[in-house]
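Chemist: If you number the sequence shown the way UniProt numbering does, the last residue is 466 and the count never jumps.
Submitted below is the structure of interest, expressed as structure tokens.
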Amino acid sequence: MKIIIIFFLIVINSFSNNIIIAQEGEIRTIDPHKANDGFSLRTARILHKRLFEHDKDLRVVSGLCDTYKRLNENTVEFKLKDNLYFTNGEDLKIEDIIFSFERMKKFPQIKFILPPIKEIKKIDEKNFQIITKYPFAPLISHLTHPSMSIISKNSKDDNIIGMGPYIFKEWIPGEKVILENPIENKKLIIKTISNPESRSIMLETGEVDVTFGLSPMDEKIIEKNKNLKLLRKKSISYTYLGFNMKNKIFQDKNIRLGINYAINKKLLIEGGLNGQGELPKKYLKENLEKSKNLLKNIKDKEFTLAVITGGNDIRIGEIIQGFLKEVGINIKILVLEPGAYWSGINNGKYHMFLGSWASATGDRDYELYPTHHSKNFGIGGNRTFYENKEVDILLEKGRNEFDQKEREKIYEKIDNIIFEDSVEIKLFYKILNGGSQKNIKGLELYPIPIHNYLFLRNQSFDSPRD
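Listed below in structure tokens is the structure:
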């Protein structure tokens, strides 16, 4: 009977032009200018367009703009492509670009992404200039971020007009989001399925066409299934253990180092990821003797560790819990729904948390400025509440420096300071994965978990080619 049901589901889906995606977590907003979580950004990527885009290897490619040229350290001139329209049929005008960037300034959650724009000057109907308040080297890479989407000046907060190709149809919180491509007469149905085993089963039965965040065991099952495809990609996304520096106990560097020395990163990758992860270039090797010595004067040995539900972080947290027990530290793992998790770590509610980060723009500025500059506490990205004046100065210097070799030296120095301070423990770099039905084409994994759904198509509905 089970085989018949599975066959029935696969057949039904193969004759639908709709594509159903099982996503690891829920979007938090459909407004691109309020989005700074990966799931919302995946949606923003296909509802909207930007001045420049990224390809699947994070190389900058043209978007709404054809060309640009830097006139001086603070001024860049851009030229729009021809025949650009919003989904309501309106022409894209430079006034829409000005409106979009003015609107972005209202939302603190994307403050760290928004370039320091002083003025956007219209030259004519095709050409405009962006003038920054100070020299800003990563300007073009920042413009590729999904939250830098251009919307119509006639948009309202409850009716955002984008450039497609998809348009928003429906959002049932906790269940699914439906997007529609009216030109191709198809829908993307993005379901929120937090349990990785459930996502895998839904893919096997044909209930969904695409999913991500597969467990190592499910990877093997999908790889052996002739009706399914498995994709893997090395990433620049890393998982880390963050310390809440608002808590006095973690203002003591010895405590942070003691916990760092207690964690065996190699065993963590083997036990928590079945080897499907990569060690950071620089990390502290396990040394229990050093760890115990550094922690010997600690009075309170009971800590909370916040992890988000739906992924592999629970397993990672349990392994860390075991490592720390060996050096006398007791960890209470708090498994939280996304809303409670983000609210808690943004407000410094927990002792420690498991987080992940990646440079969504491909530039080192985005990797380090949000997470380590003291201007960005909490929702701005610095969820460890780390404050180091030297790091702040170097981060600002990195933004101002146009010579790439000099920038690399600056960021190397920042890396070394952060490593020595041990304000966070970089545990591993993820190997991202995804699975799909065999008839689904165009699945692209990015080296960051903001995957692009734009090119997904059901091959069963492709027109025959000569």
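Built from N, CA and C at the ideal position, the CB exists for glycine as well.
Keep in mind it's a predicted model, so treat the numbers as computed, not measured.
According to DSSP, Gly435 sits in a beta bridge with which residue or residues?
Modeler: According to DSSP, which records beta bridges pairwise, Gly435 is partnered with Thr211, Leu230.
Chemist: Tell me the DSSP bridge mates of His54?
Modeler: His54 is bridged to Val60.
Chemist: Identify which residue in Lys133, Met163, Ile425, Asn83 has its Cα closest to the Cα of Glu125.
Modeler: Closest option to Glu125, Cα to Cα, is Asn83.
Chemist: Contact between the region 300 to 308 and the region 350 to 360: three or more CB pairs below 8 angstroms?
Modeler: The region 300 to 308 is in contact with the region 350 to 360.
Chemist: Below 8 angstroms CB to CB, which residues in the same chain sit around Leu71 once its five sequence neighbours on both sides are set aside?
Modeler: Around Leu71: Glu77, Gln129.
Chemist: Please determine, among Asn244, Ile320, Arg103, Arg399, the residue with the shortest C-alpha to C-alpha distance to Lys156.
Modeler: If we check each option's Cα against that of Lys156, Arg103 comes out closest.
Chemist: Is the separation between the beta-carbon of Ile167 and that of Ile151 shorter than 7 angstroms?
Modeler: Not closer than 7 angstroms, so no.
Chemist: What are the boundary residues of the alpha helix (DSSP H) that Thr43 is part of?
Modeler: Segment 38 to 47, the alpha helix (DSSP H) holding Thr43.
Chemist: Thinking C-alpha only, which one of Gly317, Lys325, Gly348, Tyr341 is nearest residue 489?
Modeler: Only positions 1 to 466 of the chain appear in the structure, and residue 489 is not among them; the question remains open.
Chemist: Would Phe136 and Arg399 be called neighbours here (beta carbons separated by less than 7 angstroms)?
Modeler: For Phe136 and Arg399, yes; Cβs fall inside 7 angstroms.
Chemist: Taking its Cβ as the centre, do 16 or more other Cβ atoms sit within 10 Å of Met217, making it buried, or is it exposed?
Modeler: Exposed, since its Cβ has fewer than 16 Cβ neighbours within 10 Å.
Chemist: Go through its chain and collect everything with a Cβ distance to Arg256's Cβ below 7 angstroms, but skip five positions before and after it.
Modeler: Excluding positions up to five away in sequence, the list reads Phe243, Phe250, Ser422, Val423.
Chemist: Would you tell me roughly how many angstroms separate the C-alpha atoms of Ser200 and Leu432, rounded to the nearest one?
Modeler: Answer to the nearest angstrom: the Cα atoms are 15 angstroms apart.
Chemist: Name the two residues that bound the continuous beta strand (DSSP E) containing Phe353.
Modeler: Element bounds for Phe353: 352 to 357.
Chemist: Return helix, strand or coil for Asn18, following the three-state DSSP convention.
Modeler: Coil at Asn18, not helix or strand.
Chemist: Grab the span of the alpha helix (DSSP H) containing Phe99 for me, first residue to last.
Modeler: First-last of the alpha helix (DSSP H) with Phe99: 94 to 104.
Chemist: Check the C-beta distance from Ile189 over to Ile178 and give it rounded, since I have them as a contact under 8 angstroms.
Modeler: That pair is a contact at about 5 angstroms.
Chemist: Report yes or no: do the region 53 to 62 and the region 445 to 453 share at least 3 C-beta pairs separated by less than 8 angstroms?
Modeler: Touching, yes, given that three or more Cβ pairs across the two stretches are closer than 8 angstroms.
Chemist: Going by beta-carbon coordinates alone, are Gly442 and Leu456 separated by less than 7 angstroms?
Modeler: Yes; because the gap between Cβ atoms is below 7 angstroms, this pair is in contact.
Chemist: Contact between the region 344 to 351 and the region 224 to 239 is defined here as three or more beta-carbon pairs at a separation below 8 angstroms; is this criterion met?
Modeler: Because the criterion of three Cβ pairs below 8 angstroms is not met, the region 344 to 351 and the region 224 to 239 do not touch.
Chemist: I'd like to confirm the pairing. Which residues does DSSP put opposite Leu143 in its beta bridges?
Modeler: For Leu143, which the question treats as bridged, DSSP gives no partner whatsoever.
Chemist: Just the Cα atoms here: how many angstroms apart are Met163 and Leu139?
Modeler: Answer to the nearest angstrom: the Cα atoms are 22 angstroms apart.
Chemist: Using DSSP bridges, identify the partner residues of Val177.
Modeler: In the DSSP output, where bridge partners are listed per residue, Val177 has Trp171, Ile190.
Chemist: Can you tell me where the alpha helix (DSSP H) holding Phe78 begins and where it ends?
Modeler: Unbroken run through Phe78 is the beta strand (DSSP E), 75 to 80; no alpha helix (DSSP H).
Chemist: Measure the alpha-carbon distance for Glu170 versus His145 and round it to whole angstroms.
Modeler: Answer to the nearest angstrom: the Cα atoms are 24 angstroms apart.
Chemist: Below 8 angstroms, how does it come out for the region 359 to 379 and the region 320 to 340: are there three or more Cβ pairs, yes or no?
Modeler: No contact exists between the region 359 to 379 and the region 320 to 340.
Chemist: CB-CB under 6 angstroms to Val61, same chain, minus the five flanking residues each way: which ones, in chain order?
Modeler: Excluding residues within five positions, the ones whose Cβ falls inside 6 angstroms are Glu53, Asp55.
Chemist: Starting from the Cα of Glu390, find the closest Cα among Asn416, Ile314, Ser215 and give me that residue.
Modeler: Among Asn416, Ile314, Ser215, the Cα nearest to that of Glu390 is on Asn416.
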